[in-house]
Each structure stands twice: as structure tokens, then as C-alpha cells.
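Trainee: Dropping a structure here in C-alpha cells format, bear with me for questions.
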Amino acid sequence: MSDDLVETFCSLVEIDSESGDEAGFIAYVKGLFERELGATCRLDAYGNLIAKVPGKNSRKSGPVLLGAHADTVKPGKGIKPVVQGGVIRSSGETILGADDKAGIVEILQAVKTASRRPPVEILITRSEEIGLLGARNLDARLVTARTGFIFDSDALDTVIVGGPTHVSFDIEIVGRAAHAGMEPETGISAIRVAAKAIVAFPEGRIDEETTANVGMIEGGLIRNGVPERVTIKAECRSLNHEKCLRQAGRMRRAFEEAAQAAGAVVHVKEEVEYKASRVPEDSPLVKAAKAAIAAAGLEPKTKLITGGTDALVLGEKGIEAVVMGTGEKKAHSTSEEIAIADLEQMTEIIGHLLRALA
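Numbering-wise (my numbering), the sequence shown opens with residue 17 and increments by one.
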């Protein structure tokens, strides 16, 4: 199995699919699923791929969803995988793309080789890395499954059962431009207003389940000008929905109050990207995932994370899902790698899952 797995994985990562530029890769995967699995495939209006594969030696009529995402982070163009010592790495100039092409190849191989499986719907989303955009724009009418498993994490022994509420901010501060050397007193520095606001609220790790971050700030045009405009991108997250909303309120008020005190104008666009949820530990979904992990010889565990996942968004669309591992390490870096043994073991775990669900 390893030769087929490695060959397929390497062929997938060699196809460019940075976020927003993954249409060609999805078209390739569509053809692969049709040839290898006999899948009936459709793209929704956003470009997500939904592949439907019939059951095999199964009495189940309802399908199960298996999901992964097509896009990679940058630098992800011209990836050249290197296989050495049982590990696959990039040549060093790019990421590898195991996040999340390992998930795709593991799903493909497990569905293809399963002796028994229920009907399967494979969902490959696009633009996951830049805000779960594929899942958020998914046409859920094309998906019949009400439960599923998303393969997009590192540890093979861990089931991610929930995640946070995530609030994003796009903020513009408008002050007043002036010559910084000749008449600075007539200006209102948007940068200074932003600085006062940012230091007025807690940031980083707020508590064990809550975080806040200012990720981008852009403003000013010239060194000797009082800057008139600044734009800021910020966020907060919490496993507790109400906590997240309270933190968001503190952040919003800090910008409003700093602007008012300086005589500036502030425009705040605030959006709840997704809402905190968790799948109960005693749910059939979690039990099935843990049993499959145990069948492969690992000690299963569950975990809540403060990162966003497609599973959170799917939950809001009526599809209950958990996240399972793929085996990649050092994701989002040029040191990204995956062990061939982990590719094989995760394929085995998905195989156990399919047989049990059949």
C-alpha cells in the first residue's frame, strides 16, 4: 500500500493550490475520485467538490461525510516532495502541502480499499486556510449526510470535538492629516489613536479558553505627515460564546473611546465568523472515531481547540462533525513533513471507521 500512497500523495502536492487558486487542483481530484472510486461528483457554486460513492457490502442507506480541504498556505507553488528515510518533506523552498493533501489521499485510499463501507460523501472544500470560506459558502443542499469526519489535524490519536466562537474585526480610523514638521498640532494621528486603543484591552492568552489578537495594522503615507488613516484587522476567540462576545465588546469600545477622545472617526466592522460548539463525548460520532483509533493500536483521546475548523461551520449547517488527524508535522512552514508510516496508519484508521459504520 505504501508505494501507491506515496506516489499519489506526491502527485497531489506537486499541483499548485494556494488559497484562492485551487480550482485546477480540485478539477484533478474530481477526475481522480471518478476514476478510482466510481464517484458521482459535483461542484457547488463556490467551487467546493462533493463526491458521492456508493456503499459496499453494507446495509446502511444513509451516507457518512468524509472531509478535507484543497488549499494550501504560501509558499505553496512549485512544491517538490523529497522522500528520504521514511519521511516526505519539501525540497526546502516551500511548504509540503500535507496540510491537507494527506487527508485527501488517506480518504481516497481508505474508501478505495475498504472491504465494507457505508455510502460515502467526500467533501473537499476550498479556501479553508483563509477563513473557512469553502465551508461557509457550501451549498449544503448538495450534501445528504448529517454526520461526518474532517481529516485536518496532526495527531492520529486525537479527536477534536469542538472549537470556539470567533469574532473578526475590520477597523478604520480616520484622523486629520497635517505636516508633521510645520503644523503637527492641527493633525489627528490615526496611528496614535490605534495605539491607545490596542493597549487598552487585554491581548494574547486571556484565559484557558479565550484569546485575542491584533494581526494587521496599516496606515500613513509619508514620514513627515501626520497619518490620517489606519486600518486594523483583529480577532478574538473563546470556547465560551458569551466570553467571546464580552471580549469583543471590550475591543470595540477601546477603539470607539480612543477615537472619541482624540476627535477622530472610527468605523468598526464586527462579524461572528462561527459559534462555539462541541460534540458530546458520548455521541455515536465520537465513539466511532475513538474505536477506529483504538483498532489501529493507539490510545484515543479527545480535545477542544481554539482554532477554527470546517467541522464548526458544518455544524451550523446541520452536519455534526469531528476532526481527526492526518499525521502531518510542522504545518504552515517550509519544514513541514509527514512520515509514510503515519500516512499508512491514518488510512488504516479510516478503514476501521468505514467498516464499523457499514
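Glycine included, each C-beta is placed from N, C-alpha and C at the ideal position.
Relative to the C-alpha of Ala270, which residue among Leu148, Lys259, Val282 is closest?
Mentor: With distances taken between Cα atoms, Ala270 lies closest to Val282.
Trainee: Mind checking whether Asn229 and Ala250 have CB atoms under 8 Å apart?
Mentor: Taking 8 Å as the Cβ cut-off, Asn229 and Ala250 qualify as a contacting pair.
Trainee: In terms of residues, what are the limits of the alpha helix (DSSP H) holding Ile138?
Mentor: Note, Ile138: premise wrong, no alpha helix (DSSP H); beta strand (DSSP E) at 136-141.
Trainee: Taking just the CA atoms, how far does Glu360 sit from Thr56?
Mentor: When rounded, the distance between both Cα atoms is 26 Å.
Trainee: Reducing DSSP to helix, strand and coil, say where Ser184 ends up.
Mentor: If DSSP states are grouped into helix, strand and coil, Ser184 belongs with the strands.
Trainee: If you scan the region 186-256 from start to end, which runs of the beta strand (DSSP E) of 3 or more residues do you find wholly inside it?
Mentor: Correct list: 220-223, 226-235, 245-254.
Trainee: Between the alpha carbons of Gly451 and Arg162, how many angstroms are there, rounded?
Mentor: Any answer about residue 451 is impossible in this case: the structure gives the chain only from 17 up to 374.
Trainee: Apply the 10 Å Cβ neighbour rule to Gly323 and answer buried if 16 or more other Cβ atoms are within range, or exposed otherwise.
Mentor: Exposed is the call here.
Trainee: In whole angstroms, what is the alpha-carbon distance linking Ala307 and Glu286?
Mentor: Taking the straight line joining both Cα atoms gives about 41 Å.
Trainee: In this structure, does DSSP put Arg13 in helix, strand or coil?
Mentor: In the structure as shown, the chain starts at 17 and stops at 374, and residue 13 therefore has no counterpart that could be examined.
Trainee: Compare the Cα-Cα distances from Gly178 to each of Asp20, His348, Gly164, Ile321 and report the closest residue.
Mentor: It is Ile321.
Trainee: Spatial neighbours of Val99 within its chain, please: C-beta separation below 8 Å, excluding the five flanking residues on both sides.
Mentor: Excluding residues within five positions, the ones whose Cβ falls inside 8 Å are Val22, Cys26, Ile356.
Trainee: Would the region 295-302 and the region 179-186 be scored as touching if the rule is three or more Cβ pairs under 8 Å?
Mentor: As far as the Cβ criterion goes, the region 295-302 does not touch the region 179-186, which means the pair count is below three.
Trainee: Is the CB-CB distance between Leu158 and Val29 below 8 Å?
Mentor: Not a contact, by the Cβ cut-off of 8 Å.
Trainee: Rounded to the nearest angstrom, how far is the Cβ of Val338 from that of Val175, given a contact under 8 Å?
Mentor: The Cβ separation is near 5 Å, so the contact holds.
Trainee: Whether or not the region 190-203 and the region 234-247 are in contact is what I'm after, with contact meaning three or more pairs of Cβ atoms, one per stretch, closer than 8 Å; do they touch?
Mentor: Counting Cβ pairs under 8 Å, three or more are found: they touch.
Trainee: Does the distance from the CB of Arg9 to the CB of Ser74 come in under 8 Å?
Mentor: One cannot answer for residue 9 here, as it falls past the ends of the chain, which runs 17 to 374.
Trainee: Only counting the same chain, and skipping five residues up and downstream in sequence, which positions put a Cβ closer than 7 Å to that of Gly63?
Mentor: Excluding residues within five positions, the ones whose Cβ falls inside 7 Å are Ala39, Ile42, Arg142.
Trainee: With distances taken from CA atoms, which of Val127, Ser169, Lys303, Leu124 is nearest Ile354?
Mentor: Ranking the options by Cα distance to Ile354, first place goes to Ser169.
Trainee: Could you spell out the range, first to last residue, of the alpha helix (DSSP H) harbouring Leu148?
Mentor: Note, Leu148: premise wrong, no alpha helix (DSSP H); not H, not E.
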